[in-house]
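Residue numbers (this note's numbering), protein chains in the order written: chain W, 1 to 343; chain D, 344 to 686. Each residue gets a CB set at the ideal place from its N, CA and C atoms; glycine is no exception. From a predicted model like this one, the values you see are computed outputs, not experimental measurements. Structure first, then comments.
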């Protein structure tokens, strides 16, 4: 970067103008957008869905290996993923950021390029936010708003005994991408002459740095007249999420190792790092896939969709939450998901 | 505080359960609330209003003199103020916080006591959020959602020439409270034996630490069939806000010093600190009053409301934005509002 504009030279309002001037709203329902006290959206009888996420530098992302454009993109996508996980369609976001004067306007432009790329891809309006100085670190807060046909939203608590447990895409890739980048960071810090070795690792690095939300799955449900009985997105790891579904639905489950979808690229990366791909798939976070339960009668509707794997089924509460290995062993599922407060 | 529970001992989900377990939703429109991927609210043909604010420790608040309960209360109120400023009724909030392990669960309880007190007072449902570890400092992000009768919302850009400029309550008090508390903090840091001298300063301290949003003004509008032609809330200072109204409405204005509402307690505090009360009223932030413009024909409707002052009127763009002093001088209004990026 050759140019550097101090953020102070624009001021907060100048900065907001600067960051939003090229963005046009897309939703017919956007009545008032950025530039007033609040945004107004019209709903035509649909129900409104709201979700929010806070992303903090050093906790949720490391700018040493996260390009700002990717960070902007991901900040939006992880919120959209929560809206899709309600079987809803995201329509609007607000984006608040806190930034220290270590960032230039050019750096922020890159971040917002990613934000707007995600908005364009998913047909979302950015309708507001707040831009603030921070003493230290980059703070990102996104709220996503969506709409859903009345009473077609899908909660976590409504699975029934016998329902199939399904997951979209594949698991563990983002965690392996993180493992790789953390390893390369450590090598670099010890010896800055060594260039990062990311060859052939595009897949897992992309899973971490540029995840996508599974709009295609929600569209598939609608086209095929499927309403899952329960659903959530996979952000903390499938073992943690399946325990949420069981707890909130007051049920147990059986999960099968042989059914867990793991990409070939993830398997070979796990092998390289001496990790068990199954453990990565169960406990790795940030895959942003959808986990959902289906009535067994709906099984025929999903068999032709290669992006959906059936990984188990719901049982009575008394049967517990069980994981069956390829070798024939059975374990209780434990949430190994990351507890940020122990970090 | 005698008890101290480490946040890590609860984990994120335990913490969320803990913080939300005693909160019952109040709005009939709340269909899904805390505990799922996103919240669902129903609207019955009303329009949805969304606003969001990010509050960062050391930038927006100083925990040395801000009780956590007050901070929780204020975090909600400043967002509701933005919704009222649209002539809308807030109905729901999401609350995300980032906290370091310097905070105990008891400290967070105090914060949420304030959050829930504000929700109860203003009849708001807390419907979601995100709770995260932070490396340093307390991060608060609030999104407020409200509803408005279709097309009764009030923007900043729709004032007309000749409209009266009105403001609710009184101005400058929060800035004087901040001045007092910053002075006492400095004295304390220099000599911890000296106790803070806050006697008789309840009013200005309260204006800073426990502001209220002007729901009463919005209710008054509705009862008296008033729709302001433009409106915003006073967060950065009335001189900054009036320039926003003028710029966005493409107009000029005349403001009169003798008409600015300043409380007696604020006048005497300003006198004590050697400050000009008019400068405090013009440029002090965080009053969370409403500034709005009215057609002259509506003047009779507001004369009996002692909480509303007419402070000037809108003019043609070419006439500029003018401030007329008691002494008969005229100045161009300049935004002295705080630019956080220069701090």
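- Around residue 335 of chain W, the same chain offers 239, 240 and 243 as residues with beta carbons nearer than 7 Å, after the five sequence neighbours per side are excluded.
- With a cutoff of 8 Å on beta-carbon distance, residue 71 of chain W and residue 61 of chain W are scored as near each other.
- Sequence-distant Cβ neighbours of residue 614 of chain D in its own chain, meaning closer than 8 Å and more than five residues away, are 620.
- Assignment of residue 224 of chain W by DSSP, reduced to helix, strand and coil, places it in the coil class.
- Among the residues of chain D, none has a CB under 7 Å from the CB of residue 168 of chain W; the nearest is roughly 15 Å distant.
- Within chain W, no residue has its CB atom less than 7 Å from the CB of residue 451 of chain D, the nearest being about 11 Å off.
- Under the criterion of beta carbons closer than 8 Å, residue 314 of chain W and residue 85 of chain W do not qualify as touching, at roughly 18 Å.
- With fewer than 16 other Cβ atoms from the protein chains shown falling within 10 Å of its own Cβ, residue 526 of chain D counts as exposed.
- For residue 136 of chain W, the residues of chain D that pass the 9 Å Cβ criterion are 401, 478, 479 and 480, in the order they occur in the chain.
- Under the three-state reduction of DSSP output, residue 402 of chain D falls in the coil class, being neither helix nor strand.
- Residues of the same chain with a CB within less than 6 Å of the CB of residue 400 of chain D, apart from the 5 flanking positions on each side, are 480 and 481 in chain order.
- Take residue 632 of chain D, set aside five residues on each side of it, and the residues of its chain with a beta-carbon closer than 6 Å to its own are 510, 511, 512 and 577, in chain order.
- Contact note: residue 71 of chain W does not reach chain D at a C-beta cutoff of 8 Å; the least C-beta distance is about 16 Å.
- Per the coordinates, the alpha-carbon of residue 563 of chain D lies some 17 Å from the alpha-carbon of residue 508 of chain D.
- Annotation for residue 312 of chain W: 165, 253, 254, 255 and 256 place their beta carbon closer than 6 Å to its own, counting only its chain and skipping 5 residues before and after.
- Remark: three or more beta-carbon pairs, one from each stretch, lie closer than 8 Å, so the region 80-98 of chain W and the region 146-156 of chain W are flagged as touching.
- Taking a Cβ-Cβ threshold of 7 Å, the residues of chain W close to residue 473 of chain D are 52, 53 and 54, in chain order.
- Every unbroken stretch of the alpha helix (DSSP H) spanning 4 or more residues and falling wholly within the region 582-628 of chain D is given here in chain order: 607-616 and 620-626.
- In this structure, the beta-carbon distance from residue 470 of chain D to residue 437 of chain D falls below 8 Å.
- Taking all protein chains shown into account, residue 594 of chain D has 16 or more neighbouring C-beta atoms within 10 Å of its C-beta and is therefore buried.
- Taking a cut-off of 8 Å for Cβ pairs, the region 288-303 of chain W and the region 181-196 of chain W do not touch, as fewer than three such pairs fall below it.
- For residue 447 of chain D and residue 258 of chain W, the gap between their C-alpha atoms comes out near 43 Å.
- Under the DSSP definition of a beta bridge, residue 233 of chain W partners with W:290.
- If you look at residue 529 of chain D, you'll find it in the alpha helix (DSSP H) that goes 516-533.
- Excluding the 5 residues flanking it on each side, residue 210 of chain W has same chain C-beta neighbours closer than 7 Å at 70, 73 and 74, in chain order.
- Put simply, the backbone Cα of residue 491 of chain D is about 5 Å away from that of residue 390 of chain D.
- Collapsing the DSSP output to three states places residue 195 of chain W in coil.
- Under the three-state reduction of DSSP output, residue 168 of chain W falls in the strand class.
- For residue 547 of chain D, the uninterrupted alpha helix (DSSP H) run begins and ends at 545-552, by DSSP.
- Residue 218 of chain W sits in a helix when the DSSP states are folded into three classes.
- The Cβ of residue 98 of chain W sits closer than 8 Å to at least one Cβ of chain D.
- Within the same chain, and ignoring the five residues on either side of residue 162 of chain W in sequence, the residues whose Cβ sits closer than 7 Å to its Cβ are 296, 313 and 314.
- Under the 8 Å criterion on CB atoms, residue 621 of chain D is classed as non-interfacial with respect to chain W.
- In the assembly as shown, residue 646 of chain D is an exposed residue. Its beta-carbon has fewer than 16 other beta-carbons within 10 Å.
- Taken through DSSP and simplified to helix, strand or coil, residue 450 of chain D comes out as helix.
- By the Cβ neighbour-count rule, residue 550 of chain D is buried, with 16 or more other Cβ atoms within 10 Å of its own.
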